[in-house]
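Undergrad: The opening position of the sequence shown corresponds to residue 0 in numbering that gives the first Met the number 0, with each subsequent residue numbered one higher.
Don't be surprised by glycine CBs; every beta carbon is placed ideally from N, CA and C.
None of these values were measured; they are calculated from a predicted model.
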Amino acid sequence: MYNFDKVAKFQNSLKWHVNDSELPMTLGDMDFEVAPEIITELHKRIENKNFGYEYIPYEYYISVAKWYKEMHNCTLNISWISFSQGVVATLSAIITNLMNEDSVITVLTPGFDKFKKVGEGKQKVLVSELIYDKEKRNYDINWLDLEDKLKKTNLFVLCNPHSPVGKIWSQKDLEKILKLSLKYDFKIFSDEIHGEITFDKKYTPLFSLDEKLLKNTIIAVSPSKAFNIAGIQTATIITPNKELKEQVDNAIKSFHLNEANSLAVPATIAAYTEGKDWLEELKDYLRENRNFIERFLEHNVPDVKPSLNEASYFLWLDISSLNVDAQELTKFIRKKTGLILTAGDKFDGNGKQFLRMNIATSTDLIEDALRRLQRAIVLFKRKDDDLMNLILNK
Numbered sequence: 000m001y002n003f004d005k006v007a008k009f010q011n012s013l014k015w016h017v018n019d020s021e022l023p024m025t026l027g028d029m030d031f032e033v034a035p036e037i038i039t040e041l042h043k044r045i046e047n048k049n050f051g052y053e054y055i056p057y058e059y060y061i062s063v064a065k066w067y068k069e070m071h072n073c074t075l076n077i078s079w080i081s082f083s084q085g086v087v088a089t090l091s092a093i094i095t096n097l098m099n100e101d102s103v104i105t106v107l108t109p110g111f112d113k114f115k116k117v118g119e120g121k122q123k124v125l126v127s128e129l130i131y132d133k134e135k136r137n138y139d140i141n142w143l144d145l146e147d148k149l150k151k152t153n154l155f156v157l158c159n160p161h162s163p164v165g166k167i168w169s170q171k172d173l174e175k176i177l178k179l180s181l182k183y184d185f186k187i188f189s190d191e192i193h194g195e196i197t198f199d200k201k202y203t204p205l206f207s208l209d210e211k212l213l214k215n216t217i218i219a220v221s222p223s224k225a226f227n228i229a230g231i232q233t234a235t236i237i238t239p240n241k242e243l244k245e246q247v248d249n250a251i252k253s254f255h256l257n258e259a260n261s262l263a264v265p266a267t268i269a270a271y272t273e274g275k276d277w278l279e280e281l282k283d284y285l286r287e288n289r290n291f292i293e294r295f296l297e298h299n300v301p302d303v304k305p306s307l308n309e310a311s312y313f314l315w316l317d318i319s320s321l322n323v324d325a326q327e328l329t330k331f332i333r334k335k336t337g338l339i340l341t342a343g344d345k346f347d348g349n350g351k352q353f354l355r356m357n358i359a360t361s362t363d364l365i366e367d368a369l370r371r372l373q374r375a376i377v378l379f380k381r382k383d384d385d386l387m388n389l390i391l392n393k
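1) K186 to S180, Cα distance in whole Å?
2) Can you tell me the Cα-Cα spacing of F295 and K351, whole angstroms?
3) Indicate the three-state DSSP secondary structure (helix, strand or coil) for A7 in the structure shown.
4) Under 8 Å: do the segment 226-245 and the segment 67-87 share three or more Cβ pairs, one atom per stretch?
5) Buried or exposed: L340, going by 16 or more other Cβ atoms within 10 Å of its Cβ?
6) Can you tell me whether M29 is buried or exposed? The criterion is at least 16 other CB atoms within 10 Å of its CB, across all chains shown.
7) Just how far apart, CA to CA, sit Y471 and L285?
8) Taking C-alpha atoms, which residue in K175, R44, N96 lies nearest to L395?
9) Residues in the same chain with beta-carbon distance under 7 Å from L13, minus the five sequence neighbours each way, listed in chain order, please.
10) Restricting to runs no shorter than 3 residues, where is the beta strand (DSSP E) found entirely within the segment 262-344?
11) To the nearest angstrom, report how far apart L372 and P56 are at their CA atoms.
12) Ignore the nearest five residues each way along the sequence and tell me which others in Q326's own chain have a CB closer than 6 Å to its CB.
13) Compute the beta-carbon to beta-carbon distance between I167 and K116, rounded to the nearest angstrom, for a pair I have assumed lies under 8 Å.
14) Label Y52 either buried or exposed according to how many other C-beta atoms from any shown protein chain fall within 10 Å of its C-beta, with 16 as the threshold for buried.
15) Between which two residues does the alpha helix (DSSP H) carrying E32 extend?
16) Closer than 8 Å is the cut-off here; do at least three beta carbon pairs connect the segment 113-128 with the segment 253-272?
17) Using a Cβ distance threshold of 8 Å, determine whether the segment 128-143 contacts the segment 88-95, with at least three qualifying pairs required.
18) Give the single residue among S162, G118, Y131 whose Cα lies nearest to the Cα of L154.
19) Along the chain, where does the beta strand (DSSP E) that runs through L154 open and close?
20) So, is E195 buried or exposed, given that buried needs 16 or more other C-beta atoms within 10 angstroms?
21) To the nearest angstrom, how far is it from the Cα of I61 to the Cα of T39?
22) Between the Cα of E414 and the Cα atoms of S319, R374, F31, L22, which residue gives the shortest distance?
23) What would DSSP say about T362, mapped onto helix, strand or coil?
Here it is, written out as structure tokens:
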């Protein structure tokens, strides 16, 4: 039995670098202590008292492959695996080394903002906006628009499951994307770091599909999100095509991302070999947080409607009935109550109508946040002209 009721704030936490009275539910890390099994292995490494250069041991590759066999019932060929320090850094290295000035990159929105930012260097970035069904509270791909964009694309950046909306793509969706990549000959970079935190629907690792469809694919996974070790900087890059893998490995090396720090490998191995029980309890705790929030909003703040959350510890909150941009509303909420949420504007698409809430915290803080949100929405709906001017001018 693990304790997820304890809030483990740490020195120099970016999320908690706020005023004492404020409650941040923003950045993509958790307020929980890391699994004790991981901490034990990190202590062992530190007690060695030598932090020189390291190679990536065979045990690392085996631990990743065994995890996907046990947790996702799929076989991962260890020859496809490369170590890297991070997912976004690897994407940046791939764009720099495998793309050129005339290359076109396509992303889905609303989506993780760094995907678009990494591509907005010398390359052209195309955006395909997801379709939101308010009744189903769910997103789907606009296939006509996406295929039209992919005809001109050199690199498609996929997020599976899709952040920040918490959408798990079906096997049918993924196979369709893979077939389009072969038809139009573009590469796919699939960020799958949210794949371990799923609730009511099964996540399908892209590499688990028919190998004949994987010619152009690069898949990035990591224990960083699921096990709250983002600061340790570890990721696994999976490239089934041998020729493409050589190019990816060279790109990783060009950014020196193949050099693991002293804690990355033991943390990864511990997570994948001893972290299952902790992760299952974490998911149960997050599921309870999610369900509690949905019930509270339905009965107390009906103007804020959560979209269907299939994966990740983010809730995507629909505020369209309030007729205000997310950026304006988050400023108002913070000023009036100290609750800090992420405005959906930064994720593009229809993000202006949504707020993102990180629910990976204690139930006590969830209750505190909901009381603050309820108070803020009441105040917002009672606003007079002066309050509206305050929002618009800040």
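TA: Judging by the given coordinates:
1) 7 Å
2) 23 Å
3) coil
4) Flag = yes, the segment 226-245 and the segment 67-87 touch.
5) When all chains shown are included, L340 counts as buried.
6) buried
7) The structure shown does not extend to residue 471, since the chain is modelled only from 0 through 393, so no value can be given for it.
8) A question about residue 395 goes unanswered here, because the residues of the chain that appear run from 0 up to 393.
9) L26
10) 313-317
11) 48 Å
12) Here Q326 has A342, D344 as same chain residues with Cβ atoms under 6 Å from its own Cβ, once five neighbours each way along the sequence are excluded.
13) Not quite, the Cβ-Cβ distance comes to about 25 Å (not below 8 Å), so this is no contact.
14) exposed
15) From DSSP, E32 is part of no alpha helix (DSSP H); its letter is neither H nor E.
16) no
17) The segment 128-143 is not in contact with the segment 88-95.
18) G118
19) 154-158
20) buried
21) 20 Å
22) The shown model of the chain, from 0 to 393, leaves out residue 414, and the question about it has no answer.
23) helix
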